[in-house]
Amino acid sequence: MGPVIAFDPAAALVVVVAGVLYLGGVRRLADGRGWPARRTTAFVAGLVVVALATQSGLAGAEADRFSIHTVQHVLLGMVAPALMALGAPVTLALQASRRPTQMVLLRVLHSAPLRLLTHPVAAWLVFGGSLVGLYFTRVLELSLTNDLIHAGVHLQFLVAGGLFCWTAVGVDPLSWRLPHGARLLFVVLAVPVHAIIGLALMGTSTPVAESFGTSAAALADQRVGGGILWATGDLFGVILAGVVLAQWMGHEERVARRHDRLLDRGRVG
Numbered sequence: 003m004g005p006v007i008a009f010d011p012a013a014a015l016v017v018v019v020a021g022v023l024y025l026g027g028v029r030r031l032a033d034g035r036g037w038p039a040r041r042t043t044a045f046v047a048g049l050v051v052v053a054l055a056t057q058s059g060l061a062g063a064e065a066d067r068f069s070i071h072t073v074q075h076v077l078l079g080m081v082a083p084a085l086m087a088l089g090a091p092v093t094l095a096l097q098a099s100r101r102p103t104q105m106v107l108l109r110v111l112h113s114a115p116l117r118l119l120t121h122p123v124a125a126w127l128v129f130g131g132s133l134v135g136l137y138f139t140r141v142l143e144l145s146l147t148n149d150l151i152h153a154g155v156h157l158q159f160l161v162a163g164g165l166f167c168w169t170a171v172g173v174d175p176l177s178w179r180l181p182h183g184a185r186l187l188f189v190v191l192a193v194p195v196h197a198i199i200g201l202a203l204m205g206t207s208t209p210v211a212e213s214f215g216t217s218a219a220a221l222a223d224q225r226v227g228g229g230i231l232w233a234t235g236d237l238f239g240v241i242l243a244g245v246v247l248a249q250w251m252g253h254e255e256r257v258a259r260r261h262d263r264l265l266d267r268g269r270v271g
């Protein structure tokens with residue numbers, strides 16, 4: 003069993019810097035247009051989840067038990083990216099920055115590499131393909147014995163989950179902004195990915211990484227980990243679909259109110 007507290011300096015630095023930059027942007031908007039508290043809460047909660055996954059006993063025990071690794075995977079690859087996407091950090095950066103910085107950010111957002119990565123098909127393939135690459139190659143095994151690869155896997159979780167959630171949530175400005183119906187389909191089509199991979203891990207008698215052990219107990223723990231991926235992947239999809247539906251309903255209500263106001267003005271005129 004790993005320690006109650008672990009310390010990953012690189013991850014801790016990322017969390018602190020991201021938090022300082024975000025809260026600094028919120029403070030700059032405080033005297034003007036303001037910034038929704040719910041977005042700040044969502045983003046900070048996402049950073050807390052990253053800290054929990056990388057600085058707690060989860061990080062200390064992930065190399066010993068596959069089931070613990072999958073919990074960390076869920077936190078870094080699904081929960082944290084979804085919360086941070088709901089925090090709309092790009093929108094905040096654009097609103098809180100001065101004109102020269104805004105122009106730089108917009109050039110980056112609309113650059114060819116980012117346009118490619120944020121294309122819905124690319125985001126979906128990165129999200130699903132990264133799981134296949136991790137669990138059905140030697141990447142996971144190597145990450146358990148190499149600190150650099152280990153950090154890269156954590157970064158991959160955040161990037162792949164971030165691209166997916168960024169597209170699904172649709173709060174920040176993107177080159178490819180899907181309508182609500184397409185975003186809902188985008189989320190629904192991703193639900194089977196974790197289920198298929200989870201079932202494959204539960205059904206195999208081959209260790210996903212020998213560093214976790216090859217005993218019957220280790221294989222039983224691997225089946226638990228596969229079940230965690232399956233169940234949490236489905237739950238994540240349902241919750242994210244619910245978020246998209248709520249956004250869709252809110253959008254339709256705003257459109258209806260705007261239409262009613264125009265009709266009222268027409269009658270008054």
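For the sequence shown, my numbering gives the first residue as 3, with consecutive numbering after it. Glycine included, every Cβ here is placed at the ideal spot set by N, Cα and C. Quick caveat: nothing in here was measured; it's all calculated off a predicted structure.
* Own chain, CB closer than 6 angstroms to Val51, minus 5 neighbours either side, in chain order -> Leu77, Val81, Ala82
* To do: Would you kindly report the start and end of the unbroken alpha helix (DSSP H) that includes Met80?
  => That residue, Met80, is in no alpha helix (DSSP H); it is neither H nor E in DSSP.
* With contact counted as at least three CB pairs below 8 angstroms, one residue from each stretch, are the region 65 to 72 and the region 220 to 238 in contact? -> yes
* If Leu2 sits next to Ala98, beta carbons under 8 angstroms apart, how far is it from one beta carbon to the other, in whole angstroms? -> With the chain represented from 3 up to 271, any question about residue 2 goes unanswered, as that position is not in the structure.
* So, do the region 118 to 127 and the region 157 to 169 have three or more beta carbon pairs nearer to each other than 8 angstroms? -> yes
* Asked: Alpha carbon to alpha carbon, what distance is there between Ala13 and Val22?
  -> 14 angstroms
* Inter-residue spacing [alpha-carbon to alpha-carbon] between His112 and Thr216 -> 48 angstroms
* Selected residue, minimal CA-CA separation from Arg18, among His253, Gly172, Phe45 -> The question names Arg, but residue 18 in the sequence shown is Val. That would be Phe45, whose Cα lies nearest to the Cα of Val18.
* Asked: Roughly how many whole angstroms lie between the Cα atoms of Leu60 and Ala153?
  -> 15 angstroms
* When burial is assigned at 16 or more other CB atoms within 10 Å of the CB, is Ser207 buried or exposed? -> exposed
* Return the Cβ separation of Phe188 and Trp126 in integer angstroms, given the expectation that the two are a contact with Cβ distance under 8 angstroms. => 7 angstroms
* To do: Decide if Pro91 is buried, meaning its Cβ has at least 16 other Cβ atoms within 10 Å, or exposed.
  => buried
* Thr93 and Asp174 closer than 8 angstroms at C-beta -> yes
* Asked: For Ser132, which three-state DSSP category applies?
  -> helix
* To do: Using the Cα positions of Ala211 and Glu143, report the straight-line distance between them to the nearest angstrom.
  => 5 angstroms
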